[in-house]
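Here the sequence shown is numbered in numbering that gives the first Met the number 0, starting from 0 and rising by one per residue.
The beta-carbon is built from N, C-alpha and C at its ideal position, and this holds for glycine as well.
Since the structure is predicted, the reported quantities are computational estimates derived from the model, not experimental observations.
Right, one structure below, let's go through it.
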Amino acid sequence: MNKKEYLEKIKSMDHKSPGYLKAILEIEPPKEYSVKVELSLKPDAHKDKNLPRWVRNIRKNLNKSVFKVYQYLSSSHDDPYNLGFHIGAARELKEYLFKSFKNLEEFAGTEIDSEEVEIYKKDFRMVEGLERKTKRELSSLSPSYQSIFHKGISDGLVAIFTEDGLMKGEKENTKISLLLLISWPILHDTIKTRRQLYDWLLFCLGPNQVGEFKRIEQMLMRIKFSPAKPGRPKKSH
């Protein structure tokens, strides 16, 4: 399905109907949306001028909270701590992700696309293969390297969530910011006003998570989200 067909399908649905979420999940988004979301999740996304300013600003905010732990790590596998940390964090993320898939399926009454799940499994298998390879080589490495590597895994296993399942560094708007970040391409193409976005957030997260419109409006102003200028429309002459 191309972008135009996808947007027409989305716009034709009644977001207040009970089956709305299930229907949305059954529509495969265009490839370009997936690519755009991947861009926004990269380590340097806050500097990427190809992303809208409000998306870059969300990343800047998240880099100070839930993504903070990753800001000081290199991707080099020559560093035993970094290598162990990424392996541990991948384990934690895998457990959370597949638990979330199960919860989403139960909530929406539909199954996640098996091909999509297999893509995630393939990514994790690559990390698991790296972990097995490293552990086979550990016996020939120095005790200091082994100790630092295992310390990295230990820290990575608790990098993102607390024992209660809450995100570390989570702030008042964290869940909202994460939802906006992973949904930004469709929002960018379909949302025209702050009030529209507020209604969408209410549907996705509920009033307890979202709060009053004024609160969300202030948040959107801070990240420079302004799809349409507020105020009365100009009179035509």
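Residue i - DSSP class collapsed to helix/strand/coil
{"i": "Phe224", "result": "coil"}
{"i": "Ile190", "result": "coil"}
{"i": "Val65", "result": "coil"}
{"i": "Val146", "result": "The sequence given here places Ser at residue 146; Val does not occur at that position. Three-state DSSP puts Ser146 in a helix."}
{"i": "Gly267", "result": "The chain is shown from 0 up to 236; residue 267 falls before or after that span and cannot be answered."}
{"i": "Gly248", "result": "Shown here, the chain extends from 0 to 236; a query on residue 248 therefore has no answer."}
{"i": "Ser141", "result": "coil"}
{"i": "Pro28", "result": "coil"}
{"i": "Pro51", "result": "coil"}
{"i": "Lys41", "result": "coil"}
{"i": "Met218", "result": "helix"}
{"i": "Asn1", "result": "coil"}
{"i": "Ser153", "result": "helix"}
{"i": "Gly87", "result": "helix"}
{"i": "His236", "result": "Any reading at His236 must be qualified, since the residue scores a pLDDT of 41, below 50, and its modelled position is unreliable; no value is offered."}
{"i": "Glu171", "result": "coil"}
{"i": "Glu211", "result": "coil"}
{"i": "Ile9", "result": "helix"}
{"i": "Asp77", "result": "coil"}
{"i": "Phe106", "result": "Residue confidence for Phe106 is low, a pLDDT of 49 falling below 50, so the modelled location carries little weight; the figure read from the coordinates is stated next. Of the three classes helix, strand and coil, the one that applies to Phe106 here is helix, per DSSP."}
Candidates the options, of which the one nearest residue i by Cα
{"i": "Glu37", "options": "Ser138, Ser182, Met218 and Asn56", "result": "Ser182"}
{"i": "Pro79", "options": "Pro142, Arg52, Ser225 and Met125", "result": "Pro142"}
{"i": "Ser64", "options": "Glu130, Ile147 and Leu177", "result": "Leu177"}
{"i": "Leu219", "options": "Arg55, Asn81, Ser139 and Glu117", "result": "Arg55"}
{"i": "Ser11", "options": "Ser225, Arg131 and Thr189", "result": "Thr189"}
{"i": "Ile175", "options": "Phe202, Ile159 and Val157", "result": "Phe202"}
{"i": "Phe97", "options": "Gly83, Phe123, Asn81 and Leu82", "result": "Phe123"}
{"i": "Leu92", "options": "Glu127, Asn60, Ser39 and Arg131", "result": "Glu127"}
{"i": "Asn157", "options": "Trp53, Gly83, Lys59 and Lys35", "result": "According to the sequence as given, residue 157 is Val; it is not Asn. Among Trp53, Gly83, Lys59 and Lys35, the Cα nearest to that of Val157 is on Gly83."}
{"i": "Asp77", "options": "Gly210, Thr133 and Ile159", "result": "Thr133"}
{"i": "Ile222", "options": "Asn207, Leu40, Ile185 and Arg58", "result": "Arg58"}
Contact test: residue i Cβ vs the ligand MG heavy atom, cutoff 7 angstroms
{"i": "Arg135", "result": "This structure lacks the ligand MG; in fact it carries no ligand of any kind."}
Contact the region 0-8 vs the region 27-42: 3+ CB pairs below 8 angstroms:
yes
Assess, as a yes-or-no matter, whether the region 188-202 is touched by the region 214-225 under the definition of 3 or more beta carbon pairs within less than 8 angstroms.
yes
Do the region 148-161 and the region 86-94 make contact, defined as three or more Cβ pairs closer than 8 angstroms?
yes
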